[in-house]
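See structure below.
Numbering (the numbering used here), first residue to last: 1380 to 1639.
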């Protein structure tokens, strides 16, 4: 019988000591919901999670940054629009665009913040059905060569939870064509487009591949027994509850020099 860890036990899947030295900052804004989940995913992958507050003026010595999901500032103006002006975001923008190319991952509301801050092109609007949606979602990995996807393979299908009401990714046709031509569509919805996103796009990257944003939540699919079940994709009975862990092991691999 497979042993299922207790909730609260964050046992790393990798015993590699070199990974523990990698520091991943996790940003919290007023209204952020999934910062602790993201930090837990980092620890499960073998790294060290460093809490960052939106009003901080320095990033410190972190090796990468995760902007997690939630409803920053209540989405009162527009999802992610107020967070874009937080003091810490200017530091993240500068570091992501610097020669060092700091890896940055935006999940759900974090993806919205990345578009608002122009680290990623396009915008996020309300789902085409105008309702909040929560479900396990199949994604196809379209680009396994970014800082956050090197532990996946091109064409691989994974299942991670999705929960949003402003999840429809839009951009003009010229931008969409450029994203496709440059291989910057990183994830695509498979089988069902849950929010009307253009060309079934679930996640994209910047040109350098260090900044990635996606709407679904990989941090909710990192532990055996506490993630999506088989049935959406793959053979019956195939465990899918850790399909999201590759995001976090990927960036650790990238940081310690194990690029593909």
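In this text, a Cβ means the ideal position worked out from N, Cα and C, and glycines have one as well.
Just so you know, these numbers come straight off a predicted model, no measurement behind them.
Of the residues the options, the one placed nearest residue i, counting alpha carbons only
i	options	result
residue 1506	1541, 1597, 1558, 1417	1541
residue 1458	1466, 1480, 1495, 1567	1495
residue 1554	1453, 1501, 1623	1501
residue 1493	1624, 1635, 1582, 1600	1582
residue 1544	1454, 1567, 1570	1454
residue 1624	1456, 1522, 1528, 1438	1528
residue 1530	1419, 1631, 1580	1631
residue 1524	1603, 1552, 1626	1626
Limits of the unbroken beta strand (DSSP E) element including residue i
i	result
residue 1445	1443 to 1446
residue 1591	1590 to 1593
residue 1584	1580 to 1584
residue 1550	Looking at the DSSP string, residue 1550 is not in any beta strand (DSSP E), and its letter there is neither H nor E.
residue 1427	1427 to 1432
residue 1461	Unbroken run through residue 1461: none, as it is neither H nor E.
residue 1568	1564 to 1568
residue 1405	1402 to 1407
residue 1536	1536 to 1543
Residue i to residue j span [Cα, whole Å]
i	j	result
residue 1565	residue 1436	31 Å
residue 1451	residue 1629	26 Å
residue 1613	residue 1588	At residue 1613, the pLDDT of 47 sits below 50, so the modelled position is not reliable; the number obtained from the coordinates is stated separately. Near 28 Å, if we compare the C-alpha coordinates of residue 1588 and residue 1613.
residue 1596	residue 1539	6 Å
residue 1534	residue 1520	5 Å
residue 1434	residue 1617	43 Å
residue 1515	residue 1619	10 Å
residue 1485	residue 1556	22 Å
residue 1431	residue 1408	9 Å
residue 1636	residue 1577	35 Å
residue 1481	residue 1537	25 Å
residue 1398	residue 1575	38 Å
residue 1462	residue 1473	16 Å
residue 1567	residue 1532	14 Å
residue 1509	residue 1518	22 Å
residue 1421	residue 1475	19 Å
residue 1546	residue 1479	30 Å
residue 1526	residue 1403	13 Å
residue 1456	residue 1410	13 Å
residue 1468	residue 1419	22 Å
residue 1580	residue 1438	30 Å
residue 1499	residue 1586	9 Å
residue 1605	residue 1622	11 Å
residue 1633	residue 1477	17 Å
Within 7 Å, strictly: CB atoms of residue i and residue j
i	j	result
residue 1449	residue 1423	no
residue 1471	residue 1441	no
residue 1426	residue 1490	no
residue 1483	residue 1590	yes
residue 1549	residue 1504	yes
residue 1513	residue 1594	no
residue 1598	residue 1417	yes
residue 1428	residue 1406	no
residue 1522	residue 1570	no
Endpoints, the alpha helix (DSSP H) within which residue i is located
i	result
residue 1469	1466 to 1476
residue 1424	1414 to 1424
residue 1631	1624 to 1634
heavy atom of the ligand MG below 6 Å from residue i C-beta
i	result
residue 1473	With respect to the ligand MG, the structure shown offers nothing to examine, as it has no ligands at all.
- Which whole runs of the beta strand (DSSP E) in the segment 1477 to 1524 are 3 residues long or more, in chain order? 1483 to 1486, 1502 to 1504, 1512 to 1520
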